[in-house]
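For reference, the structure discussed in these notes is given below.
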Amino acid sequence: MAKIHFVDHSGETRTIDVENGATVMEAAIRNSIPGIEAECGGACACATCHVYVDEAWREKVGPPSPMEEDMLDFGFDVRPNSRLSCQIKVSDELDGLTVSTPERQA
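When we follow UniProt numbering, the leftmost residue of the sequence shown carries the number 1, and every step to the right adds one.
Below you can see the structure in the form of structure tokens.
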């Protein structure tokens, strides 16, 4: 289990415990985290679960896959640290991960 910190665009932080094997998006939906819409349900077919990975965590989270990069093209205010939260699998190594949500989803 890992603690994941979600920071919304206004700076408010919510911290939740997430079981290993779940995605960051699944955890956000289960815990009603604002700013994560997940319209496709985690199929990497939209960009409505877009998050910014805190710089300290980018290497541990890893880069997006080519398919994810294609979907990020549809995201709002995409940055070098942008990821789709449906593509980030939680593990013990991600305990303490901090992600931020954009002002709005695409």
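We put the CB at the ideal spot given by N, CA and C, even for glycine.
With the cut-off set at 7 Å, would you say residue i and residue j are in Cβ contact?
i: C86; j: C49; result: yes
i: K3; j: G62; result: no
i: G25; j: C44; result: According to the sequence as given, residue 25 is Met; it is not Gly. Result no, Cβ atoms of M25 and C44 do not sit closer than 7 Å.
i: T98; j: H5; result: yes
i: E19; j: K60; result: no
Within a Cβ cutoff of 8 Å, which residues of the same chain sit near residue i, ignoring the five residues on either side of it in sequence?
i: P71; result: It should be pointed out that residue 71 corresponds to Met in this sequence rather than to Pro. For M71, where only same-chain residues beyond five positions count, the Cβ hits under 8 Å are C44, A45, C46, A47 and L84.
i: residue 191; result: One cannot answer for residue 191 here, as it falls past the ends of the chain, which runs 1 to 106.
Excluding the 5 residues preceding and the 5 following residue i in the sequence, name in chain order all residues of the same chain whose CB lies nearer than 7 Å to its CB.
i: S82; result: H50, Y52, L72 and G75
i: I33; result: F6 and R14
i: R104; result: F76
i: A38; result: M25, I29, T48, C49 and C86
i: I88; result: T23, V24 and V61
Please find out if some non-hydrogen atom of the ligand ZN comes closer than 6 Å to the beta-carbon of residue i.
i: R14; result: Summarising the ligand content, the structure contains no ligands, and the ligand ZN is consequently not present.
query = Which ranges does the beta strand (DSSP E) cover as unbroken runs of at least 3 residues, wholly within the UniProt domain "2Fe-2S ferredoxin-type" (2-105), from first to last along the chain?
reply = 2-7, 13-18, 50-53, 82-84 and 98-100
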